[in-house]
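Participant:
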Amino acid sequence: MQTPNMLAWICATAAPLAMVHSGGLKKLPGWLSGVFSATWLRRLRHKKPPSLDELFSEPPADVVGPSGRIDHGGDAQSLVEEMLTHSRYALLLRPQLIGNLTNDQLVRARTALSEGMCLVPGGDVLVRRTTGSGDADAEPHGHEDVSVRVDGYFLDRYPVTNAQYYQFVRHGGYEQMAIWDPEVWPAVLDFVDQTGHAGPRFWRRGRYQRGEDRHPVVGVSWYEASAYARWAGKRLPTDAEWVKSGSWPVALPGHPLLQRRYPWGEAVDRSRANLWGSGPGRTVAVEEFPSGVSVGGVQQLIGNVWEWTADRLVLDDEANDHSAPPRQKLKSLRGGAFDTYLDNQATCHFQSGDDMLARKHNIGFRLAISLCDLPLPDASDDLSSEETREPSLEETHA
Amino acid sequence: MNRGVAVELDSFRLANYATQVPCLICDQGNTLDAEVCRNCYAPMVLAHQAQSRHAPPLMFAALGPSGVGKTVYLGMLLDMLSRQPKELQLSARGGFSVTLQQTTLAALSRCEFPSKTPSEPDRWNWVHCQLRSPRQKQPVELVMPDIAGEALFEEIDHPRSYQVIHSLLGRCHGVMILIDGTKLQSGSLDEDYFGMKLLSHLSELGDDPKTSWGTRPVALIFSKADQCEMCFEDPTAYAQRHAPGLWRVCQQRFRKHKFFAAGVAGACATRNVRGGGRQSLPLRIEPRGIVEPFEWLAQTLVR
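So the protein lines, in turn, are chains A and B. Quick note on numbering: the first sequence equals residues 35 to 432 in the working numbering. Quick note on numbering: the second sequence equals residues 1165 to 1467 in the working numbering.
(1) Between B/PRO1457 and chain A, is the shortest Cβ-Cβ distance under 9 Å, so that the two count as touching?
(2) Return the Cβ separation of B/MET1223 and B/LEU1332 in integer angstroms, given the expectation that the two are a contact with Cβ distance under 8 Å.
(3) Report the rounded CA-to-CA distance for B/VAL1227 versus B/LEU1238, giving the unit in angstroms.
(4) Beta-carbon within less than 6 Å of B/PRO1457's beta-carbon, same chain only, minus the 5 sequence neighbours each way: which residues are those?
(5) Under 9 Å between C-beta atoms, does B/LEU1242 make it to chain A?
(6) Can you give me the start and stop residues for the beta strand (DSSP E) that A/ASP345 sits inside?
(7) A/ARG346 and A/PHE434 - do their beta-carbons sit closer together than 9 Å?
(8) So, is the C-beta of A/THR374 closer than 9 Å to a C-beta in chain B?
(9) According to DSSP, simplified to helix, strand and coil, what is B/PRO1207?
(10) So if I threshold CB-CB distances at 9 Å, which residues from the stretch 1424-1448 of chain B count as touching chain A?
(11) Look at the Cβ atom of A/ARG304, then the Cβ atom of A/GLU341, and state whether they are nearer than 9 Å.
(12) Can you give, in chain order, each stretch of the alpha helix (DSSP H) that sits fully within the stretch 258-306 of chain A and has at least 4 residues?
(13) Where are the alpha helix (DSSP H) runs, 4 residues long or more, that stay fully inside the stretch 187-212 of chain A, in chain order?
(14) Could you tell me whether the stretch 256-263 of chain A touches the stretch 142-161 of chain A, where touching means 3 or more Cβ pairs closer than 8 Å?
(15) Might you give, ordered along the chain, the residues of its own chain that have their beta carbon closer than 7 Å to the beta carbon of A/ALA172, omitting 5 neighbours on each side?
(16) Three Cβ pairs or more, each shorter than 8 Å: is that satisfied between the stretch 224-234 of chain A and the stretch 281-289 of chain A?
(17) Here's a check: name, in chain order, each residue in its chain whose Cβ is nearer than 7 Å to the Cβ of A/ILE397, leaving out the five neighbours to either side.
(18) Tell me which residues share the same chain as A/GLU217 and place their Cβ nearer than 7 Å to its Cβ, disregarding the 5 neighbours each side in the sequence.
(19) Can you tell me whether B/ASP1191 is buried or exposed, with buried defined as 16 or more other CB within 10 angstroms of its CB?
(20) Is it the case that the stretch 1429-1443 of chain B contacts the stretch 1353-1365 of chain B, given that we only count it when at least three CB pairs across the two stretches are under 8 Å?
(21) Pull the bridge partners of B/PHE1386 from the DSSP assignment, please.
(22) Measure from the alpha carbon of A/ASP158 to the alpha carbon of each residue in A/ARG204, A/LEU118 and A/VAL277, then state which is nearest.
(23) Checking the sheet assignment: what are the DSSP bridge partners for A/LYS365?
(24) Quick check on the burial criterion: 16 or more other C-beta atoms within 10 angstroms. Buried or exposed for A/SER279?
(25) Would B/PRO1298 and B/SER1255 qualify as a contact pair, given that the criterion is a beta-carbon distance under 9 Å?
(26) According to DSSP, simplified to helix, strand and coil, what is B/ALA1182?
(27) Using the C-alpha atoms, what's the distance from A/VAL327 back to B/HIS1218?
(28) How many Å lie between A/GLY206 and A/TYR123 at the Cα?
(29) Going by C-alpha to C-alpha distance, which of B/GLN1391, B/ARG1202 and B/TYR1326 sits closest to B/VAL1428?
(30) Among the residues of its own chain, which have a CB less than 8 Å from the CB of A/TRP282, if the five just before and after it don't count?
(31) Could you check whether the Cβ of B/SER1273 sits closer than 9 Å to any Cβ belonging to chain A?
(32) So what does DSSP say about B/THR1434, is it helix, strand or coil?
(33) Quick one: what's got a C-beta closer than 7 Å to B/THR1400's C-beta in the same chain, skipping five residues either side?
(34) Could you please tell me which residues of the stretch 1218-1248 of chain B, in chain order, have their CB closer than 7 Å to any CB of chain A?
(35) Quick check: what's the CA-CA separation for A/GLN198 versus A/HIS120?
(36) Using the C-alpha atoms, what's the distance from B/GLU1450 back to A/ASP441?
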């Protein structure tokens, strides 16, 4: 069965071809019309109305045929090469596509995976959640630790950089509506940079600032992070996965889980992270502060930028009332940023949040992929202590 | 307490007791052991500490309506300048001067805002500290109270109802006026009116044109700017667009004024409180634009 990510990818890339074959917008389903209307509207915004010919000659239609083989204008290999260049190796390693790779490409894709991501074994992790006091006189923001079991997964070694995100922007990521959550389609046109081009808020003319190619991308909403994740064949990590990567729990028999407060240990050490007073007061390249590495090899979990996760931030009064619909569209943020002032807010356990549409100067993201989504028999057999399961539609989309 | 022993008559102490100690804020005489001024309720410890210095201390005040964020702003400012390596540094004179930053930061680290400042002057947090900068050889004494917004507007509406505010505004060397940037953005006119009221009140204080408020520095700060980031881009343009009345009064009556934007929380959320009502919570602490207004005031005054 094809995963939703795969479907999204197929939908996004097959759209122009489908339009040519169907003979116009009238016969297209709603979502496909959305792809084209978004393209149209974006171009109108830039005062460059496209001709129909121009519209049909969008980037080549890369489709996956019924056999699961890639048809890329007869040049599947160049598409694979391009995807490897753009850090979309996770997509190539999906069971549905892995058969298209030559041995050399398979090795390169797996090398890219092991260089770009860290393996975190499955197991239990304590995640701090707000308690349902809701009383202004009592301790209002009380916390309790909830034990959550996670399956094995890979997590990006570094936050997603400007250079990586640029590939997404350049290859029409903001115009492929199929990789965006439908509820955000009206807002996608407003996801522009300082000069009105599609892209992160603080870029100019569709480009990041010179010298910041290795800086984490910031000024992206949760939806943009999510769309990039689908394009790259990954997903946003859950809260529990993020915490597990940093706190690296150890379960000793007869003892509560031993978890680190910081990736490097228990004590605050601002020299290991780009926080208020320890850095230049802005983002730095993702390779800096290497001493803040986690046990599993994940860098910059603490400091530099807050990171979006897939989960919602549930306030204590909402936590009490499970039946009520969510009042505020807040998504969870983890890790602290270069301007995080308080020590207790730059830990593995602290949870903050922001509006899903917020595009802030200090919020970026990193991505994950479940072990069960990749056919890596050696790794999954040895390291996934839990029974692997298919991710739900919601999880995969998140 | 009389323990049944003869206490030696200490003439020096008696003489001191007979001499009136003037309150630092209102100048009214008080006895040596008075804790607060009998006239304005300002703490007398300020007067005692100031006596040890030859020059009278600088006085700054943070003014604004209730809930605008004066306590958070002052607490954060004091913490940043006393604990972080900055060019300007503040060091507390007396333990009571640390209370404001301690209570503010304790609340913020629990992801709460500090509780409302009571209207009674003897329950305000007063700060007496020394300001050090690379330009000054000697530290400058500085007094800053955390005035309750309700008391301030009571004094504006009914002059001399709060003697301490009347006296303080007469003596202050500069003020930081806080205006809620989010309310302005939402189209509320209240903040504009509050600002106009406050500035009009200040401009009517004092008769001498050389020392009147027209010549003293006024920093106008859009608070909660983290929730309306437009403020940060160009605070003056923001004032012109969203608070035209306030902007006009500044242009006409205050020679030294400047607009700033400041924010302490990176994001806020609201939640229901048991018993009804809503409460705002800071989701994380990321101070922006906190030091700049104070730095400008200090540079304008300390030359």
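By construction, the Cβ of each residue, glycine as well, lies at the ideal position given by its N, Cα and C atoms.
Facilitator: With the structure as the only source:
(1) Working through the second sequence from its first residue, we reach residue 1457 of chain B at position 293. Taking a beta-carbon distance threshold of 9 Å, B/PRO1457 does not count as an interface residue toward chain A.
(2) Here residue 1223 of chain B refers to the residue found at position 59 when the second sequence is read from its first residue. Here residue 1332 of chain B refers to the residue found at position 168 when the second sequence is read from its first residue. A Cβ-Cβ distance of about 7 Å is found for the pair B/MET1223 and B/LEU1332, placing them in contact under the 8 Å criterion.
(3) For the purposes of this step, residue 1227 of chain B is taken as residue 63 along the second sequence, with counting starting at 1. For the purposes of this step, residue 1238 of chain B is taken as residue 74 along the second sequence, with counting starting at 1. Position check: residue 1227 of chain B holds Leu in this sequence, whereas Val was assumed. Distance between the alpha carbons of B/LEU1227 and B/LEU1238: 11 Å.
(4) Residue 1457 of chain B sits at position 293 when you count from the first residue of the second sequence. If we look at B/PRO1457 and ignore the five residues flanking it on each side, its Cβ neighbours are MET1340, ALA1383, ILE1385 and PHE1424.
(5) One-based indexing of the second sequence puts residue 1242 of chain B at position 78. False, the Cβ-Cβ gap to chain A never drops below 9 Å.
(6) Mapped onto the first sequence, residue 345 of chain A falls at position 311. It spans 340-346 - the beta strand (DSSP E) in which A/ASP345 sits, taken as one unbroken run.
(7) A question about residue 434 of chain A goes unanswered here, because the residues of chain A that appear run from 35 up to 432.
(8) The residue you call residue 374 of chain A lines up with position 340 of the first sequence. Taking 9 Å as the CB threshold, A/THR374 lines the interface with chain B.
(9) If you number the second sequence from 1, residue 1207 of chain B lands on position 43. Looking at B/PRO1207 - three-state DSSP - the assignment turns out to be strand.
(10) Taken in chain order, the members of the stretch 1424-1448 of chain B whose beta-carbon sits within less than 9 Å of a beta-carbon on chain A are VAL1428, GLY1430, ALA1431, ALA1433, THR1434, ARG1435, ASN1436, VAL1437, ARG1438, GLY1439, GLY1441, GLN1443, LEU1445, LEU1447 and ARG1448.
(11) In the first sequence, residue 304 of chain A corresponds to position 270, counting from 1. In the first sequence, residue 341 of chain A corresponds to position 307, counting from 1. Between A/ARG304 and A/GLU341, the C-beta gap is not smaller than 9 Å, which leaves the two residues out of contact.
(12) Entirely contained in the stretch 258-306 of chain A, the alpha helix (DSSP H) runs reaching 4 residues are, in chain order, 273-281.
(13) Taking 4 residues as the minimum length, the alpha helix (DSSP H) runs contained wholly in the stretch 187-212 of chain A are 196-204, in order along the chain.
(14) At 8 Å Cβ cutoff, the stretches do not touch.
(15) By 1-based counting over the first sequence, the position of residue 172 of chain A is 138. In this prediction, A/ALA172 scores a pLDDT of 38, lower than 50, which makes its location untrustworthy; the coordinate-derived value is nonetheless stated afterwards. The beta carbon of A/ALA172 lies closer than 7 Å to none in the same chain, with the five residues before and after it left out.
(16) Contact between the stretch 224-234 of chain A and the stretch 281-289 of chain A is absent, because fewer than three Cβ pairs lie under 8 Å.
(17) For the purposes of this step, residue 397 of chain A is taken as the residue at position 363 of the first sequence. Answer for A/ILE397: VAL252, VAL339, TRP340, TRP342, LEU367 and ASP388, listed in chain order.
(18) Counting from one through the first sequence, the residue named residue 217 of chain A turns up at place 183. Closer than 7 Å at Cβ, skipping near neighbours: no residue.
(19) Start at 1 with the first residue of the second sequence, and residue 1191 of chain B comes out as number 27. Exposed.
(20) The stretch 1353-1365 of chain B is not in contact with the stretch 1429-1443 of chain B.
(21) Walking along the second sequence from the start, residue 1386 of chain B turns up at place 222. DSSP lists B/ILE1343 and B/ALA1425 as partners of B/PHE1386.
(22) Here the question's residue 158 of chain A lines up with position 124 in the first sequence. If we check each option's Cα against that of A/ASP158, A/VAL277 comes out closest.
(23) As a position in the first sequence, residue 365 of chain A is number 331, starting the count at 1. According to DSSP, A/LYS365 bridges with A/ARG346 and A/ASP388.
(24) Numbered from its first residue, the first sequence carries residue 279 of chain A at position 245. A/SER279 is buried by the Cβ-count criterion.
(25) Here residue 1298 of chain B refers to the residue found at position 134 when the second sequence is read from its first residue. Here residue 1255 of chain B refers to the residue found at position 91 when the second sequence is read from its first residue. At the C-beta level, B/PRO1298 and B/SER1255 stay beyond 9 Å of one another.
(26) Counting from one through the second sequence, the residue named residue 1182 of chain B turns up at place 18. In the structure shown, the three-state DSSP call for B/ALA1182 is helix.
(27) For the purposes of this step, residue 1218 of chain B is taken as the residue at position 54 of the second sequence. For the purposes of this step, residue 327 of chain A is taken as the residue at position 293 of the first sequence. Approximately 54 Å between the Cα atoms of the pair.
(28) Taking the first sequence and counting its residues from 1, one reaches residue 206 of chain A at position 172. Taking the first sequence and counting its residues from 1, one reaches residue 123 of chain A at position 89. Using only the alpha carbons, I get a separation of about 18 Å.
(29) Stepping through the second sequence from its first residue, residue 1428 of chain B is reached at position 264. Nearest option by C-alpha distance: B/GLN1391.
(30) Within the first sequence, numbered from 1, the residue matching residue 282 of chain A stands at position 248. Taken in chain order, the residues that qualify are GLN293, ARG294, PRO297, SER328, VAL329 and GLY330.
(31) Translated into positions along the second sequence, residue 1273 of chain B becomes position 109. B/SER1273 has a beta carbon lying within less than 9 Å of a beta carbon in chain A.
(32) To locate residue 1434 of chain B, count along the second sequence from 1; it is residue 270. B/THR1434: strand per DSSP, three-state reduction.
(33) Along the second sequence, read from residue 1 onward, the residue named residue 1400 of chain B stands at position 236. Cβ neighbours of B/THR1400 within its own chain (closer than 7 Å, five residues either side excluded): PHE1423.
(34) Answer in chain order: GLN1248.
(35) Along the first sequence, one-based indexing puts residue 198 of chain A at 164. Along the first sequence, one-based indexing puts residue 120 of chain A at 86. Whole-angstrom Cα-Cα distance: 7 Å.
(36) No answer is possible for residue 441 of chain A: it lies beyond the span of chain A, which begins at 35 and ends at 432.
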